[in-house]
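End of the sequence shown = 157 in our numbering, gap-free, step of one.
In this text, a Cβ means the ideal position worked out from N, Cα and C, and glycines have one as well.
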Amino acid sequence: MSIFMNYDNIKGEATAKGHEDWIDLLSLDWGVQRGITARVGTSKDREATSADVSELRITKYMDNTTPYLFKEACVGKGKPVKLHLTKTGDTLENYMEYSLKDCMISGYRVNTDGERPIEEITLSFTRIEQKYTPYDDDHKASSPISNGYDVAKASMI
1 MSIFMNYDNI KGEATAKGHE DWIDLLSLDW GVQRGITARV GTSKDREATS
51 ADVSELRITK YMDNTTPYLF KEACVGKGKP VKLHLTKTGD TLENYMEYSL
101 KDCMISGYRV NTDGERPIEE ITLSFTRIEQ KYTPYDDDHK ASSPISNGYD
151 VAKASMI
């Protein structure tokens, strides 16, 4: 699997077909939580809070995008961001796509142990959309499944 990011058209070093000039990522970490309470001895009448959508964390090697992403961390304004997770094989077909609206870098760190430095970047956004494309055993794409969440309005889109 490969992970690619397009951060408001900052030109990255990816050369994979369909993701030329995107930013190569090493990892992606993101999730949703919500508190659920129930009275002891019953599973009925449970109450749930609104979703707590976490910021999205990525890691990447230091590369030509580093100065631009550092600048975004310091003074950047909300930008559109796309992230694609691709299948491995002869062609890198997207199976999950995330679109972030009004995205800002809320955290930026560099780590190294003497090897190539790795950047840890945290992305804050007001809206997230996802599109999952299932594939059958013959590697043929089925109809995509899409949904999203508006963090500012605390509602599905």
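Status (buried if at least 16 other CB within 10 Å, exposed otherwise) for residue 135:
exposed
Find the nearest neighbour of residue 125 within the set 94, 53, 95, 29, judged by alpha-carbon distance.
53
CA-CA distance, residue 85 and residue 106?
22 Å
In angstroms with no decimal places, state the Cα-to-Cα distance between residue 89 and residue 44.
47 Å
Entirely enclosed beta strand (DSSP E) segments - the segment 26 to 54, minimum 3 residues
27 to 29
Can you tell me whether residue 42 is buried or exposed, with buried defined as 16 or more other CB within 10 angstroms of its CB?
exposed
When the Cα atoms are used, what is the spatial distance from residue 64 to residue 48?
44 Å
Report yes if the C-beta distance between residue 58 and residue 121 is below 7 Å; otherwise report no.
yes
Residue 119 vs residue 156 beta-carbon contact at 7 Å:
no
Three-way DSSP call (helix, strand, coil) for residue 56 in this model:
strand
Other residues of its chain near residue 33: CB distance less than 8 Å, five sequence neighbours each side excluded
51, 52, 54
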